[in-house]
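Numbering (our numbering), first residue to last: 681 to 1019. The structure under discussion appears below in the form of structure tokens.
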Ligand SMILES: C[S@@+](CC[C@H](N)C(=O)[O-])C[C@H]1O[C@@H](n2cnc3c(N)ncnc32)[C@H](O)[C@@H]1O
């Protein structure tokens, strides 16, 4: 009889992946307590957390997160554990991962820049030329500053911030799509802040400086806000800035927005990953809640606005999701007296 062939021992991390996928809580507990690394990637680029999440093993997901498994690791095809749980419709697992991710981001503040503009710095964008065409504005790195597919979204934002009429503020003119829509609501006063010299020059050339209810303020919102008043509706959509900049803008809202006023922003945060996008929606909503605002997200289907050809010549597909969540923020009624 032939002697049995010795099998090489299976690494504890491989066993962690297998037991996480198989829902073996006792084995996962034992492997973690004997030091198996929860941040291991198997040969298919999957972590134990991804295996557990894709099968909806919530208790194991909790054990792995507590042991330090990274919630924000990606498979080779760009999915994180939360995406895999969402794909499998494992809502309990999704909720657990979401709560953990939001807390982690709140505490650590590690997400520092908008995915829409990963490598630009604000000053370099504003210092460089932009190129205009009928359906887009491009920066010098072939990234889109603004694209016309967003028109239905901009029209919905305009409708939201013009609900109360009165004085409306838009931060970031771009192609002027949202401003054209705001004008159709005939606000009493329509203030536009724009910081890029080329965009500003184009605004003047196309007659925006002569509209009688329109006030153009040329400069960075960071510099010009002190000279402004208060508004019934505010929309924020800049480019070349980081998430922290938007957070900083939000700190001004309690003074800028009149009681009952409506604030909205372009919700492109992590528009290329479904789970990260939900994390960001919750994060902003929590941060606005700390400032006394409640946020509702109105879902708008956008699949039909996006075609493959749309992104030809654009270096970064800044939006890849089927649904856009339009934020509508209002001061909580009991915080009105703070304004
Ligand atoms: C995405 S576009 C806005 C698109 C606009 N919502 C529309 O409907 O066409 C962003 C605009 O914000 C401007 N911008 C960037 N940083 C700014 C800042 N700090 N202050 C004011 N405007 C800024 C950019 O020059 C650009 O025109």
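Glycine residues also receive a C-beta, built at the ideal position from the N, C-alpha and C atoms.
When secondary structure is reduced to three states using DSSP, residue 988 falls in the coil class, being assigned neither helix nor strand. Excluding five sequence positions before and after residue 870, the CB atoms of its chain that fall closer than 6 Å to its own CB belong to 848, 862, 893, 894, given in chain order. Within 7 Å of the C-beta of residue 853 there is at least one heavy atom belonging to ligand 1.
With respect to residue 720, residue 696 sits close: the two C-beta atoms are nearer than 8 Å. Taking 8 Å as the cut-off, the Cβ atoms of residue 699 and residue 708 count as close. Under DSSP, residue 980 forms a beta bridge with 1004. The distance from the Cβ of residue 762 to that of residue 781 is about 7 Å, consistent with a contact at the 8 Å cut-off. In terms of Cα proximity to residue 805, the closest of 840, 875, 739, 959 is 875.
For residue 812, no alpha helix (DSSP H) run applies; the uninterrupted beta strand (DSSP E) run containing it begins and ends at 811-813, by DSSP. When C-beta atoms of the region 945-954 are compared with those of the region 904-920, three or more pairs fall below 8 Å, so the two segments count as touching. Inside the region 819-895, DSSP marks whole beta strand (DSSP E) runs of 3 or more residues at positions 824-827, 847-851, 869-874, from first to last along the chain. Taking C-beta separations shorter than 7 Å and ignoring five residues to either side along the sequence, the partners of residue 726 in its chain run 697, 755, following chain order.
Annotated three-state conformation of residue 760 is coil, per DSSP.
Secondary structure of residue 950 (DSSP, three-state): coil. Assignment of residue 908 by DSSP, reduced to helix, strand and coil, places it in the coil class. Out of 938, 825, 973, 898, the CA that lies nearest to the CA of residue 997 is found in 825. In the displayed model, residue 779 falls within a helix according to three-state DSSP. The alpha helix (DSSP H) runs of length 4 or more contained entirely in the region 716-775 are, from start to end of the chain, 728-734, 738-746, 761-767.
Between ligand 1 and residue 919, a heavy atom-to-CB distance of less than 7 Å is present. Judged by beta-carbon spacing, residue 980 lies beyond the 8 Å limit of residue 1001, meaning their Cβ atoms are not closer than that value.
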